[in-house]
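**Q** Sharing a structure with you now.
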Amino acid sequence: MNFALPTLAVFALLLPGFIARSRIKRIERQSLDYSPFGQIVSEALVWALALHLLWCGLAWLMTAYEPRPEVMLRLLGSDTARQAQSVEAIAAMAGPITAYLGSLLLFAYLMPTALRRLISHWRLDSHRSRLSPWLRFSGAPWYYLLTGADFPRGHAPDLIAVSAIVNIAGEAFLYTGLLSDYFLDPEGKLDRLVLREVMRRPLAADKPEHPGADGSPLLFTDRFYVVDGDYFVLRYSELITLNIEYIKLAEQAA
């Protein structure tokens, strides 16, 4: 019995499912997928079955080729003679089978990517959506926190303000600014934040209990000073605390 042929056939059948599963997920980890093996295989099987049913139906409608599952079943069996018959049948249809698998792999790559973008665009994965239990990207917590993706469509924040405490030479400083971008490490952990319009102050210079010398309360700019530069990078490993504020700008009356 030739074990290579059934293994290759199973791999070709399941490959679209694994591709579709990986493309529809929004995962911040870039190194390894530590999902349980049974979960990975079961999700890939469901995707592969759905894709093959769809593609077989389209192939039958558009090309009049009738699916022949018995060929694949004989190839997966233990009878060497039947395996040889299946190989001959597959060789006779090499062109259509190549077109079938090639187009299906391309579709398995592009369709989930487009579907994921539509889910994010229409906020179907936000925690307020009824479809959230099925469509939420559980492997991307920083995406929801740092993009405002949990807000309903049309109510997303215009700006995201970040305040962080950093220990510099034994003294705590408070940095605050507008989030411009963020980056993750290969393990999916937050690596650095890119801010603009940054200001800082020593944490000890908190809101004073008493007003200024002239009796007027101290202004925000009396305690903070502007950090020169277009962008300021904060490394997450150096932060003590992190505060996120979502800002929605008021619309001007016409």
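If you count by our numbering, then the sequence shown holds residues 2 to 255, one letter each, in order. Virtual Cβ for every residue (Gly too), placed ideally from N, Cα, C.
Is it buried or exposed for M2, if we count other Cβ within 10 angstroms and need 16 for buried?
**A** Taking the first residue of the sequence shown as position 1, residue 2 is located at position 1. Residue confidence is low: M2 scores 48 on pLDDT, short of 50, so the model does not pin down where it sits. No coordinate-derived value is stated.
**Q** With a cut-off of 8 angstroms on the beta carbons, I'd call L136 and D126 a contact; round off their distance for me.
**A** Translated into the one-based positions of the sequence shown, residue 136 becomes position 135. Translated into the one-based positions of the sequence shown, residue 126 becomes position 125. 5 angstroms between Cβ atoms; contact.
**Q** From the DSSP output, read off the bridge partner residues of P203.
**A** Taking the sequence shown and counting its residues from 1, one reaches residue 203 at position 202. DSSP, once it has assigned bridges, lists F174 as partnering P203.
**Q** Taking only the alpha-carbon atoms, compute the straight-line gap between M116 and D231 and give it to the nearest angstrom.
**A** For the purposes of this step, residue 116 is identified with residue 115 of the sequence shown, where counting begins at 1. For the purposes of this step, residue 231 is identified with residue 230 of the sequence shown, where counting begins at 1. Looking at the sequence provided, one finds Leu at residue 116 rather than Met. Roughly 36 angstroms separates the two Cα atoms.
**Q** Using only the alpha-carbon positions, how far apart do L6 and F12 sit?
**A** Here residue 6 refers to the residue found at position 5 of the sequence shown. Here residue 12 refers to the residue found at position 11 of the sequence shown. Computed Cα separation, rounded: 10 angstroms.
**Q** Helix, strand or coil, according to DSSP, for A157 in the structure here?
**A** Indexing the sequence shown from 1 puts residue 157 at position 156. A157 falls in the coil class under three-state DSSP.
**Q** What residue range is occupied by the uninterrupted beta strand (DSSP E) comprising R83?
**A** Locating residue 83 in the sequence shown gives position 82, counting from the first residue. Where R83 is concerned, there is no enclosing beta strand (DSSP E), although the alpha helix (DSSP H) it sits in stretches over T81 to A93.
**Q** Determine the burial state of P17: buried for a count of at least 16 other Cβ atoms within 10 Å of its Cβ, exposed for fewer.
**A** Against the sequence shown, residue 17 aligns to sequence position 16. Buried is the call here.
**Q** From what residue to what residue does the alpha helix (DSSP H) around E44 run?
**A** Translated into the one-based positions of the sequence shown, residue 44 becomes position 43. Counting along the chain, the alpha helix (DSSP H) containing E44 begins and ends at F38 to T64.
**Q** Contact defined as beta carbons within less than 8 angstroms: I believe I241 pairs with I161. What is the distance between those atoms, to the nearest angstrom?
**A** As a position in the sequence shown, residue 241 is number 240, starting the count at 1. As a position in the sequence shown, residue 161 is number 160, starting the count at 1. Not really, about 20 angstroms apart at Cβ, beyond 8 angstroms.
**Q** If you measure between the beta carbons of H128 and Y145, is that distance less than 9 angstroms?
**A** As a position in the sequence shown, residue 128 is number 127, starting the count at 1. As a position in the sequence shown, residue 145 is number 144, starting the count at 1. Against a cut-off of 9 angstroms, the Cβ pair of Y145 and H128 comes out as a contact.
**Q** For R236, which residues from the same chain have a beta carbon less than 6 angstroms from its beta carbon, with the 5 sequence-adjacent residues on both sides left out?
**A** Position 235 of the sequence shown, counted from the start, is the residue given in the question as residue 236. Same-chain partners within the cutoff: R193.
**Q** Report buried or exposed for Q84, applying the criterion of at least 16 other Cβ atoms within 10 angstroms of its Cβ.
**A** Here residue 84 is taken as the residue at index 83 of the sequence shown, counted from 1. Buried, because 16 or more other Cβ atoms sit within 10 Å of the Cβ of Q84.
**Q** Pull up the distance between the alpha-carbon of R154 and that of K26, whole angstroms please.
**A** By 1-based counting over the sequence shown, the position of residue 154 is 153. By 1-based counting over the sequence shown, the position of residue 26 is 25. Taking the straight line from one Cα to the other gives about 21 angstroms.
**Q** What would DSSP say about F225, mapped onto helix, strand or coil?
**A** Numbered from 1 along the sequence shown, position 224 holds the residue referred to as residue 225. Coil, per DSSP.
**Q** What are the boundary residues of the alpha helix (DSSP H) that includes E71?
**A** Here residue 71 refers to the residue found at position 70 when the sequence shown is read from its first residue. Residues P70 to L77.
**Q** Going by DSSP, what residue range makes up the alpha helix (DSSP H) through Y247?
**A** For the purposes of this step, residue 247 is taken as residue 246 along the sequence shown, with counting starting at 1. Note, Y247: premise wrong, no alpha helix (DSSP H); beta strand (DSSP E) at L240 to I248.
**Q** DSSP beta-bridge partners for I166?
**A** Locating residue 166 in the sequence shown gives position 165, where the first residue counts as 1. In DSSP, I166 forms a bridge with L175 and T242.
**Q** Between R124 and Y247, what straight-line distance do the alpha-carbon atoms span, to the nearest angstrom?
**A** What you label residue 124 is simply residue 123 of the sequence shown in a count that begins at 1. What you label residue 247 is simply residue 246 of the sequence shown in a count that begins at 1. About 17 angstroms.
**Q** Can you tell me which of the three DSSP states S130 falls into?
**A** Translated into the one-based positions of the sequence shown, residue 130 becomes position 129. DSSP places S130 in coil when its eight states are reduced to three.
**Q** Considering only their Cβ atoms, is the gap separating W56 from S104 smaller than 9 angstroms?
**A** Translated into the one-based positions of the sequence shown, residue 104 becomes position 103. Translated into the one-based positions of the sequence shown, residue 56 becomes position 55. In this structure, W56 lies closer than 9 angstroms to S104 by Cβ.
**Q** Please determine, among H53, L54, E29 and S23, the residue with the shortest C-alpha to C-alpha distance to Q40.
**A** The residue given as residue 40 occupies position 39 in the sequence shown. Closest option to Q40, Cα to Cα, is S23.
**Q** Kindly list the residues whose CB is nearer than 8 angstroms to the CB of L106, restricted to its own chain and excluding five residues on each side of it in sequence; keep chain order.
**A** Numbered from its first residue, the sequence shown carries residue 106 at position 105. Result list for L106: L16, P17 and I20, in chain order.
**Q** Kindly identify the DSSP beta-bridge partner or partners of V11.
**A** If you number the sequence shown from 1, residue 11 lands on position 10. None; V11 has no bridge partner.
**Q** Kindly list the residues whose CB is nearer than 7 angstroms to the CB of L175, restricted to its own chain and excluding five residues on each side of it in sequence; keep chain order.
**A** To locate residue 175, count along the sequence shown from 1; it is residue 174. Correct list, in chain order: S164, I166, R201, R202 and L204.
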